[in-house]
Amino acid sequence: MEANTSTTKAWIYFTIWFVILVFLMIFYRQFFWLALPGVCTHFAKGLRLF
1 MEANTSTTKA
11 WIYFTIWFVI
21 LVFLMIFYRQ
31 FFWLALPGVC
41 THFAKGLRLF
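Under the numbering used here, think of the first position of the sequence shown as 1, with each following residue one higher.
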């Protein structure tokens, strides 16, 4: 039986990482890729892809 889990925490983390990504894109363009793993991971968790 699969547990019914909420994805609210994943979407909150995705939003935080996305804000960090936008900040890095604006001010420190050479470092924006450091936020990509967090954005992609929590987006996939929010969609329940894994």
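Glycine included, every Cβ here is placed at the ideal spot set by N, Cα and C.
query, result
"Expressed to the nearest angstrom, what Euclidean distance is found between the alpha-carbon atoms of Met25 and Ile16?", "14 Å"
"What residues in its chain sit with their C-beta under 8 Å from that of Phe50, if we drop five residues either side in the sequence?", "Ala44"
"Starting from the C-beta of Arg48, find all residues in its chain whose C-beta is less than 7 Å away, skip the five residues before and the five after it, and write them out in chain order.", "Thr7"
"Have a look at Ala35 and Arg29 and give me their C-alpha separation to the nearest angstrom.", "11 Å"
"Quick check for students: name the residue ranges of the alpha helix (DSSP H) that lie wholly in the segment 5-49, counting only runs of 4 or more.", "8-27, 36-46"
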